[in-house]
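Q: In this note's numbering, the protein residues as written are -14 to 289. Backbone N, C-alpha and C fix where the C-beta goes; we use that ideal spot for every residue, glycine too. What follows is a structure written as structure tokens; I'll ask about it next.
This is the structure we're talking about:
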């Protein structure tokens, strides 16, 4: 009996010892939480454009009520990374928006009237010697219009489209530039030539976006030939479709029903030029009450 109790006690002690030994192993440390790396938020095209528009100077913003840059670029389908031709970029009102908006993956190409066409502007013609080097000078002049994440900038002159630029553009934007082509068509076929260069520079499926002073349909075709700044919407559509473009739509975003010119008027009576009211405060107030011109906003597409 005693021997039996002895062996039972030994067995019990062995079990306890094993339990203590197993229990002596330290518990596994809790797993470290995986480090979370936050992906930077991707800025949408609309947010990017809104940011850029908000950074423009006050004198540029004052014209948003007439030029509607956000709505116009949306309608034309302009996106960062595109190659965009801007016709008659001038002092850069639109370029200062487009260069940062298109971004480092995009390109802005300025396009100016030809030297023979400028020669027909008389006292309003720029220095012909400077115009000879415009395609090289204009891109250099855009320095400072964008600080970071900026589109590449280049230029060409209508009538001298470089071969390497053909078929490269996603869009051509013509902001109030058509009337001069139209009014001088009979003097050198400039409208016809411009439409051909516009067609040639675009990729298949590329877009032409037009903002142009709009003549009342009731005014005569002779008055609405571009000499007074205005063109008829139907005439513009007819010219582009005849040149091979597909009409892709219109918008009233830049319409101004207050602008009702008679055949004694021209567009430069209105802001921002106010050509007829410099010394007449009452007339100036009337023109400012009308605001900038009534404008058609049209979109065309080069067939794919």
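Taking the alpha carbon of residue 252 as the point to measure from, which residue in 224, 110, 214, 262 has its own alpha carbon closest?
A: Nearest option by C-alpha distance: 214.
Q: With DSSP run on the structure shown, which of helix, strand or coil describes residue 137?
A: Residue 137 falls in the strand class under three-state DSSP.
Q: Quickly, what does DSSP pair residue 210 with across the bridge? List them, please.
A: DSSP, once it has assigned bridges, lists 216 as partnering residue 210.
Q: Tell me whether residue 97 is buried or exposed, calling it buried when 16 or more other Cβ atoms sit within 10 Å of its Cβ.
A: The residue in question, residue 97, is buried, as its Cβ has 16 or more Cβ neighbours within 10 Å.
Q: When burial is assigned at 16 or more other CB atoms within 10 Å of the CB, is residue 125 buried or exposed?
A: With fewer than 16 other Cβ atoms within 10 Å, it is exposed.
Q: DSSP three-state label for residue 289, please.
A: Correct three-state label for residue 289: coil.
Q: Please return the same chain residues whose Cβ sits closer than 6 Å to the Cβ of residue 52, not counting the five positions on each side in sequence.
A: The answer is none, since no qualifying residue turns up.
Q: Report buried or exposed for residue 254, applying the criterion of at least 16 other Cβ atoms within 10 angstroms of its Cβ.
A: The residue in question, residue 254, is buried, as its Cβ has 16 or more Cβ neighbours within 10 Å.
Q: Within 10 Å of its beta-carbon, does residue 8 have 16 or more other beta-carbons around it, so buried, or fewer, so exposed?
A: Below a pLDDT of 50, predicted positions are generally treated as unreliable, and residue 8, at 46, falls in that range; no measurement from the model is reported.
Q: Please check the pair residue 123 and residue 140, which I expect to be a contact at CB under 8 Å, by giving their CB distance rounded to whole angstroms.
A: Indeed, because the Cβ distance is near 5 Å, the residues count as touching under 8 Å.
Q: To the nearest angstrom, how far is the alpha carbon of residue 178 from that of residue 143?
A: In a straight line, the C-alpha of residue 178 is about 8 Å away from that of residue 143.
Q: Does any CB atom of chain B fall closer than 8 Å to the CB of residue 281?
A: Included in the structure is just one protein chain, with no chain B present.
Q: Taking 7 Å as the limit between beta carbons, can you name the residues of its chain near residue -9, skipping five residues before and five after?
A: Because the pLDDT at residue -9 is just 39, under 50, the model does not fix this residue reliably, and the value given afterwards should be weighed accordingly. Once the five neighbours on either side are set aside, residue -9 has no close Cβ partner at all.
Q: What does the Cβ neighbour count give for residue 172, buried or exposed, with the cut at 16 atoms within 10 Å?
A: Exposed is the call here.
Q: Between the stretch 186 to 195 and the stretch 266 to 284, do at least 3 Cβ pairs fall closer than 8 Å?
A: With a cut-off of 8 Å, the stretch 266 to 284 and the stretch 186 to 195 count as touching, because enough Cβ pairs lie within range.
Q: Measure the C-alpha to C-alpha separation of residue 71 and residue 95 and round it to an integer number of angstroms.
A: C-alpha separation (whole angstroms): 5 Å.
Q: When the Cα of residue 258 is compared with those of 278, 247, 80, which residue comes out closest?
A: Ranking the options by Cα distance to residue 258, first place goes to 278.
Q: Here's a check: name, in chain order, each residue in its chain whose Cβ is nearer than 6 Å to the Cβ of residue 262, leaving out the five neighbours to either side.
A: Only 268, 269, 272 meet the Cβ criterion.
Q: Apart from the five residues on each side of it in sequence, which residues of its chain come closer than 7 Å, Cβ to Cβ, to residue 146?
A: 182, 185, 186.
Q: Can you tell me which of the three DSSP states residue 252 falls into?
A: Helix, per DSSP.
Q: Sort 68, 119, 87 by Cα distance to residue 152 and report the nearest one.
A: Ranking 68, 119, 87 by Cα distance to residue 152 puts 68 first.
Q: What are the partner residues of residue 60, as DSSP defines its beta bridges?
A: Paired residue(s): none; residue 60 is not in a bridge.
Q: State the DSSP-derived secondary structure class of residue 294, mapped to helix, strand or coil.
A: The structure shown does not extend to residue 294, since the chain is modelled only from -14 through 289, so no value can be given for it.
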